[in-house]
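Engineer: Sequential numbering from 27 applies to the sequence shown in full-length UniProt numbering.
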Amino acid sequence: TESYIAAMDKHRDLNAYITETPELALAQAAESDARLAKGDAGAMEGLPIGMKDLFCTEGVLTTAGSHILDGFKPPYESTVSARLKQAGAVLLGKTNLDEFAMGSSNETSYYGASKNPWKATGDDRDLVPGGSSGGSAAAVAARIAIAATGTDTGGSIRQPAAYCGITGIKPTYGRCSRWGIIAYASSLDQAGPMTRDVRDAAIMLGAMSGYDPKDSTSANLPVPDFEAALTGNIKGLRIGLPKEYRPEGLSPEIAALWDRGAQWLKDAGAEVVEISLPHTKYALATYYVIAPAECSSNLARYDGVRFGLRVEGSSLDEMYMKTRAAGFGTEVQRRIMMGTYVLSAGYYDAYYLKAQKVRALIAQDFRQAFEQVDVILAPTAPTPAFGMGENMADPITMYLNDVFTVPTSLAGLPGLSVPAGLSATGLPLGLQLIGKPFDEETVLRVGG
Ligand code: GLN
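Written as structure tokens, this is what we have:
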């Protein structure tokens with residue numbers, strides 16, 4: 027813990043943490059030492075981790091990367107962070123994120139973007155770490171956290187993991203409790219580990235998972251021993267390559283990465299087959315209707331009354347308006363507007379209801395594909411990490427970045443991103459493994 031705290035001091039330029047908690051970390055580490063001495067160690071005993079600043083942590087500033095939560099110290103602990111603590115993990119601090127997890131680059135954070143520790147060969151420009159869990163990914167990549175939590179609504183664990191050359195898994199929807207995680211889009215949000223390798227991810231996922239009566243969508247299923255699933259044996263497994271993930275215009279570098287990944291699995295004894303997920307081309311549009319709709323509802327609670335920022339006005343309505351205008355950034359306001367629009371009378375049927383129907387078709391595509399294969403292999407993102415500011419002017423270009431991650435989210439399936447090589451410019455690239463519902467074990471086994 028001491029060495030990690032020293033490393034955090036050295037890498038403050040990365041802006042990976044919004045709040046650092048070194049004193050708390052040292053106190054927790056001392057408690058871990060005592061438990062270790064008694065031979066009573068948890069699965070994460072003494073391991074110093076970063077916590078995405080979307081998890082409520084009791085008495086520790088929790089910002090969601092937003093101005094509107096100014097000064098908010100939750101009076102309770104999220105289930106996932108409580109479980110990690112119970113397993114012995116030590117909290118180094120709260121990691122940077124896009125505001126309310128809305129973004130793919132970390133640049134919508136009120137606290138300024140975190141930076142990717144990687145740079146392209148011969149190019150000194152700062153690159154984004156991806157988003158929204160970019161601070162967590164940067165922290166793990168820069169070795170200023172041994173591991174970190176992330177949340178993934180449409181790719182926020184997998185894409186930053188790919189951009190920073192680390193491992194990240196979004197478990198099946200319902201595997202980890204959402205209780206105490208600040209909500210973005212409740213039917214999609216899932217917590218997961220961001221780690222250096224698959225074994226760490228398996229261990230940490232085990233500590234984070236499990237039924238929680240406080241989250242009505244939490245699955246009442248036993249938590250498997252994920253680490254035991256890493257047998258290294260994938261002989262005879264059937265791996266699907268969805269042909270719709272090879273659209274015209276896919277970069278030759280990403281296509282080659284994907285082929286290389288398929289070859290590795292073949293060499294290890296798996297059978298690789300082409301599959302079809304016919305509704306893939308509608309996934310991005312569907313996601314950017316459903317996620318903003320849910321966000322507009324979830325973010326209605328930030329009214330300046332009970333906690334966070336308040337900007338006074340001459341009436342209650344004016345106070346609401348001024349608080350929300352000052353407290354939410356541009357991207358969050360854009361999403362609230364899109365969301366209220368697609369939910370409004372006259373447009374609900376045309377957009378929101380239609381999107382829900384397409385979502386069902388996307389889930390059905392996966393169900394049918396999984397009758398033929400055990401796991402699906404795909405790229406995690408269409409490009410390596412891009413430059414700071416490069417995609418900020420055009421939200422659509424930014425949204426396009428999520429093309430390979432949102433279908434999995436809409437279907438609620440587990441998705442793992444593993445580092446799979448470097449681009450011609452020397453930047454990390456990730457490959458994604460998608461599994462059947464609650465079959466994280468096979469996904470981790472193939473990834474490992
Ligand atoms: N980039 C996507 C979005 O902005 C996904 C974010 C996430 O998974 N939290 O909505």
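Even for Gly, the Cβ is constructed at its ideal location relative to N, Cα and C. Just so you know, these numbers come straight off a predicted model, no measurement behind them.
1. Whether or not the region 199–206 and the region 297–308 are in contact is what I'm after, with contact meaning three or more pairs of Cβ atoms, one per stretch, closer than 8 Å; do they touch?
2. Find out if the Cβ-Cβ distance for the pair L459, L403 is shorter than 7 Å.
3. I need the boundaries of the alpha helix (DSSP H) containing S212, first residue and last residue.
4. Using CA atoms only, rank isn't needed, just tell me which of G119, V337, K99 and G353 is closest to L52.
5. Could you check where the alpha helix (DSSP H) with G353 kicks off and where it finishes?
6. Using the Cβ count rule (16 or more neighbours within 10 Å means buried), how would you classify G160?
7. Does the ligand GLN have even one heavy atom less than 6 Å from the beta-carbon of S158?
8. Is DSSP giving R327 helix, strand or coil here?
9. Using 6 Å as the cut-off, classify the Cβ of D293 as near or not near the heavy atoms of the ligand GLN, replying yes or no.
10. From A209 to N324, what does the alpha carbon distance come to, in whole angstroms?
11. Taking 7 Å as the limit between beta carbons, can you name the residues of its chain near T221, skipping five residues before and five after?
12. For the ligand GLN, any of its heavy atoms closer than 6 Å to the Cβ of A407?
13. Is it the case that the CB of D329 approaches a heavy atom of the ligand GLN more closely than 6 Å?
14. CB G355 to CB T406, shorter than 7 Å?
15. Since V358 and V315 are thought to touch, with beta carbons under 8 Å apart, how far apart are those beta carbons, to the nearest angstrom?
16. Let me know the secondary structure DSSP gives P250 once reduced to three states.
17. What's the C-alpha gap between A317 and G365?
18. Bridge partners for C404 per DSSP, in chain order?
19. Does DSSP put P186 in a helix, a strand or coil?
20. Would you call the CB atoms of L117 and M77 closer than 7 Å?
21. For the ligand GLN, any of its heavy atoms closer than 6 Å to the Cβ of G441?
22. In three-state terms, what does DSSP make of G114?
23. With burial defined as no fewer than 16 other Cβ atoms inside 10 Å of the residue's Cβ, what is the status of V469: buried or exposed?
Structural biologist: Answer, in terms of the structure:
1. no
2. yes
3. No alpha helix (DSSP H) contains S212, which DSSP labels as neither H nor E.
4. G119
5. L342 to G353
6. buried
7. yes
8. helix
9. no
10. 6 Å
11. V166, A173, I192, T193, A227 and M230
12. no
13. no
14. no
15. Rounded, the Cβ-Cβ distance is 17 Å, inconsistent with contact.
16. coil
17. 8 Å
18. Inspection of the sequence shows that residue 404 is occupied by Ala rather than by Cys. Answer is Q458, bridged to A404.
19. helix
20. yes
21. no
22. coil
23. buried
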